[in-house]
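>
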Amino acid sequence: MEAAHFELTEESQRACTGEKVFRIRAIRDIPERFVKAGDLGGWVSSVYTSTSELRIGPRAWVADDAVVAGDARVCDDALVYGAAQISGCALIAGHARVYGWAEVDADARVKEYARVFGFANVTDNATITGCARVYGDTMVSGHATVSGFADMSGTSQVGKHAKVSGWAQLRDETTVTDHATVTGRAEISGDSWLCDTATITGRAKVRDSWVQDSSQIHNAEVRGATLEGESIVRANLPYGVVVIDAQILTPHHCEVFCSTYFVTMFRTAENQIELAILDPDRSYLGADETTLLAHMPDMETAEEMRQLVAGSRRRILGEHTPAELTPDTSMRHEPFITALATINGEIAVAEESTIARATLSGTGRISGVIKAHISLEVSGEMTELFVLEKEDYRELFSERGTIRMIRRRCGYYLQRKENGWEQINADELGESAAQWVHEIAASWDR
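Just add 11 to the spot in the sequence shown (first one is 1) and you have this note's numbering.
1. Does DSSP put residue 237 in a helix, in a strand, or in coil?
2. Helix, strand or coil for residue 52 per DSSP?
3. If you draw a straight line from the alpha carbon of residue 291 to that of residue 152, how long is it in whole angstroms?
4. Excluding the 5 residues preceding and the 5 following residue 68 in the sequence, name in chain order all residues of the same chain whose CB lies nearer than 7 Å to its CB.
5. Is residue 73 helix, strand or coil by DSSP?
6. From what residue to what residue does the beta strand (DSSP E) around residue 289 run?
7. For residue 412, I'd like the list of residues in its chain whose CB is within less than 6 Å of its CB, leaving aside the five on either flank, ordered along the chain.
8. Put residue 320 into one of helix, strand or coil per three-state DSSP.
9. Give a yes or no on whether the C-beta atoms belonging to residue 90 and residue 72 are separated by under 8 Å.
10. In angstroms with no decimal places, state the Cα-to-Cα distance between residue 202 and residue 140.
11. Inspect the beta-carbon positions of residue 137 and residue 125 and report whether they are closer than 8 Å.
12. Closest by CA to residue 194, which one among 179, 146, 204?
13. Measuring CA to CA, which of 78, 14, 33, 15 is closest to residue 23?
14. Can you have a look at residue 301 and say buried or exposed, based on whether 16 or more other CB atoms are within 10 angstroms of its CB?
15. For residue 262 and residue 232, I'd like the C-alpha separation in whole angstroms.
16. Please report the residue range of the alpha helix (DSSP H) in which residue 37 lies.
17. Under a three-way DSSP split, which group does residue 325 fall into?
18. Considering only their Cβ atoms, is the gap separating residue 36 from residue 51 smaller than 8 Å?
19. Specify, as a first and last residue, the run of the alpha helix (DSSP H) that residue 301 falls within.
20. What's the C-alpha gap between residue 188 and residue 155?
21. Run through DSSP, which three-state label would residue 315 get?
22. Apart from the five residues just before and just after residue 13, which ones in its own chain have a Cβ nearer than 7 Å to its Cβ?
23. Applying the 10 Å Cβ sphere with the 16-neighbour rule, what's the burial state of residue 162?
24. Is residue 20 helix, strand or coil when you go by DSSP?
25. Which residues bound the beta strand (DSSP E) around residue 200?
26. In terms of residue numbering, what span does the beta strand (DSSP E) encompassing residue 276 cover?
27. Return the CA-CA distance between residue 254 and residue 247, expressed in angstroms with no decimal places.
28. Is it the case that the Cβ atoms of residue 183 and residue 200 are separated by a distance below 8 Å?
29. Classify residue 401: buried if its beta carbon has 16 or more other beta carbons within 10 angstroms, exposed otherwise.
30. Need the endpoints of the beta strand (DSSP E) that residue 41 sits in, please.
31. Expressed to the nearest angstrom, what Euclidean distance is found between the alpha-carbon atoms of residue 7 and residue 159?
32. Below 6 Å CB to CB, which residues in the same chain sit around residue 460 once its five sequence neighbours on both sides are set aside?
33. Can you tell me which of 241, 273, 28, 275 puts its alpha carbon nearest to the alpha carbon of residue 82?
34. Taking residue 98 as the reference, give the member of 117, 92, 109 with the closest Cα.
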């Protein structure tokens, strides 16, 4: 058997496993751990395990009030300190560190440059490796693996055969289980749940969402959503969507109606449009337009909803049907020019603009996330009016015969004045703007 570099003292106590453990003392210098001969360390149940393996490797150390019991081992250049508890057949190896009140038990492994601390619990056959950090009140269990530069905190959990790698971050009450995978620089937070074979990659940001089956999210921001089936999402989604077998490649492939009933319309891989309808309590009602219209209180409301659904369907499918689009007009990056709109003159329309039931004349450039509608008429030079900054969302509408322009940025609302922009509160807006704030603006949150 390999010679030990420590000995057991007469000082003893009972570990949380019920085993009797002894304080250790170094019998030679351990320069790698800055330990001198005679220095006291943590607690162990024996010098060797039941399989005759040295419990603490020649360059490893157990310090402070940390406990290593059962057949657990600390080897290579690993260090366990604080009030950490290592038990079962757990292995702490490489340059790993376990400290605080963390617990590693059963057949769990903490290797390489991984860090486990706080009140974290690593159990079963779980593995923490690479430069991963697991802390807070987190738990890693089953055959799960946390590797790379992954970071777990809060009360997040990774279980079964799930894998978290890259620079992924799990926060708050996130759960990743089954064969789900989180990688890249993805950030999962809030009360999120990933299960089955769901995959989240790239710079995706997911919060308070349920992602299941074989759904995939790549480089998109998703909040309060439910993704099922073989959904593929590569663009930011409106808040609270419910999609099944969706293929959302641009922000225009999904829309939400925030009325009495919460309606999500989205594009599928077959370029079809599907609906998901929730009642005011967010209980699932169905997936067809007939069901939605049947729940409307009167014929007038049902007709308005039918027109809303029809318009959304055209926008998602990219069915541009302008009443007039002059030769001098140019379009780039698939803006939406919908029915009854008229555009005259040397006007460039680009990016995510939506022009519906509006008449625009003159010269200028329309770009960014802007919407012009409600029988709006704008004429003359529009260059200054429409040149937008990144992440600048604007709405043009007509109220009492006057054109008003509202700018929404970083959660604030500003109204266009002659000498610039003036901040206003949502309750100061007119009826048309208030409707926009409550029913449309939420879908633009990033």
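Where is the CB? At the ideal position from N, CA and C, for every residue including glycine.
On the basis of the data shown:
1. Along the sequence shown, read from residue 1 onward, the residue named residue 237 stands at position 226. Here residue 237 sits in strand by DSSP.
2. On the sequence shown, residue 52 is found 41 positions in, with the first residue counted as 1. If DSSP states are grouped into helix, strand and coil, residue 52 belongs with the strands.
3. Translated into positions along the sequence shown, residue 291 becomes position 280. Translated into positions along the sequence shown, residue 152 becomes position 141. C-alpha separation (whole angstroms): 37 Å.
4. Counting from one through the sequence shown, the residue named residue 68 turns up at place 57. Hits under 7 Å: 85, 86, 87.
5. Mapped onto the sequence shown, residue 73 falls at position 62. In the structure shown, residue 73 sits in a strand (DSSP, three-state: E or B).
6. Residue numbering aside, residue 289 sits at position 278 when the sequence shown is read from its first letter. For residue 289, the enclosing beta strand (DSSP E) stretches over residues 284-289.
7. Here the question's residue 412 lines up with position 401 in the sequence shown. Because residue 412 sits at a pLDDT of 48, beneath the cut-off of 50, its placement in the model cannot be relied upon, and the point is left open.
8. Here residue 320 refers to the residue found at position 309 of the sequence shown. DSSP places residue 320 within a helical segment (H, G or I) once states are collapsed to three.
9. Locating residue 90 in the sequence shown gives position 79, where the first residue counts as 1. Locating residue 72 in the sequence shown gives position 61, where the first residue counts as 1. It is a contact, given that the beta carbons lie within the stated cut-off.
10. Mapped onto the sequence shown, residue 202 falls at position 191. Mapped onto the sequence shown, residue 140 falls at position 129. Distance between residue 202 and residue 140, taken at the CA atoms: about 25 Å.
11. Here residue 137 corresponds to residue number 126 of the sequence shown, with the count starting at 1. Here residue 125 corresponds to residue number 114 of the sequence shown, with the count starting at 1. Not closer than 8 Å, so no.
12. Residue mapping note: residue 194 aligns to position 183 of the sequence shown, counting from 1. Ranking 179, 146, 204 by Cα distance to residue 194 puts 179 first.
13. The count along the sequence shown starts at 1 and reaches residue 23 at position 12. Minimum Cα distance to residue 23 is reached at 33.
14. Translated into the one-based positions of the sequence shown, residue 301 becomes position 290. Exposed, by the Cβ-count rule.
15. The sequence position of residue 262 within the sequence shown is 251, counting from 1. The sequence position of residue 232 within the sequence shown is 221, counting from 1. Taking the straight line from one Cα to the other gives about 11 Å.
16. Position 26 of the sequence shown, counted from the start, is the residue given in the question as residue 37. No alpha helix (DSSP H) contains residue 37, which is instead part of the beta strand (DSSP E) from 31-37.
17. Stepping through the sequence shown from its first residue, residue 325 is reached at position 314. Three-state result, residue 325: helix.
18. The residue you call residue 51 lines up with position 40 of the sequence shown. The residue you call residue 36 lines up with position 25 of the sequence shown. Taking 8 Å as the cut-off, the beta carbon of residue 51 is found closer than this to the beta carbon of residue 36.
19. Residue 301 sits at position 290 when you count from the first residue of the sequence shown. For residue 301, the uninterrupted alpha helix (DSSP H) run begins and ends at 300-305, by DSSP.
20. Position 177 of the sequence shown, counting from 1, holds the residue named residue 188. Position 144 of the sequence shown, counting from 1, holds the residue named residue 155. Each residue's CA atom was taken as its position, placing residue 188 and residue 155 some 8 Å apart.
21. In the sequence shown, counting from the first residue as 1, residue 315 sits at position 304. Residue 315: helix per DSSP, three-state reduction.
22. Translated into the one-based positions of the sequence shown, residue 13 becomes position 2. Contacts found: 65.
23. Mapped onto the sequence shown, residue 162 falls at position 151. Residue 162 should be labelled buried.
24. Taking the first residue of the sequence shown as position 1, residue 20 is located at position 9. In this structure, residue 20 counts as strand in the three-state DSSP scheme.
25. Reading the sequence shown from its first residue, position 189 is the one you call residue 200. If you look at residue 200, you'll find it in the beta strand (DSSP E) that goes 198-200.
26. On the sequence shown, position 265 is the one that residue 276 refers to. Unbroken beta strand (DSSP E) run through residue 276: 273-278.
27. If you number the sequence shown from 1, residue 254 lands on position 243. If you number the sequence shown from 1, residue 247 lands on position 236. One C-alpha to the other measures close to 13 Å.
28. Translated into the one-based positions of the sequence shown, residue 183 becomes position 172. Translated into the one-based positions of the sequence shown, residue 200 becomes position 189. It is a contact, given that the beta carbons lie within the stated cut-off.
29. On the sequence shown, residue 401 is found 390 positions in, with the first residue counted as 1. Here the model assigns residue 401 a pLDDT of 44, short of 50, so the residue's position is not dependable, and the following value carries that caveat. Counting Cβ neighbours within 10 Å, residue 401 comes out exposed, since fewer than 16 surround it.
30. The residue labelled residue 41 in the question sits at position 30 within the sequence shown. Where residue 41 is concerned, there is no enclosing beta strand (DSSP E), given that its DSSP letter is neither H nor E.
31. What the structure shows of the chain is the stretch from 12 to 457, and residue 7 is not part of that stretch, so it cannot be assessed.
32. Residue numbering for the chain in the displayed model covers 12 to 457; residue 460 lies beyond these limits and cannot be assessed.
33. For the purposes of this step, residue 82 is taken as the residue at position 71 of the sequence shown. It is 28.
34. Indexing the sequence shown from 1 puts residue 98 at position 87. Among 117, 92, 109, the Cα nearest to that of residue 98 is on 117.
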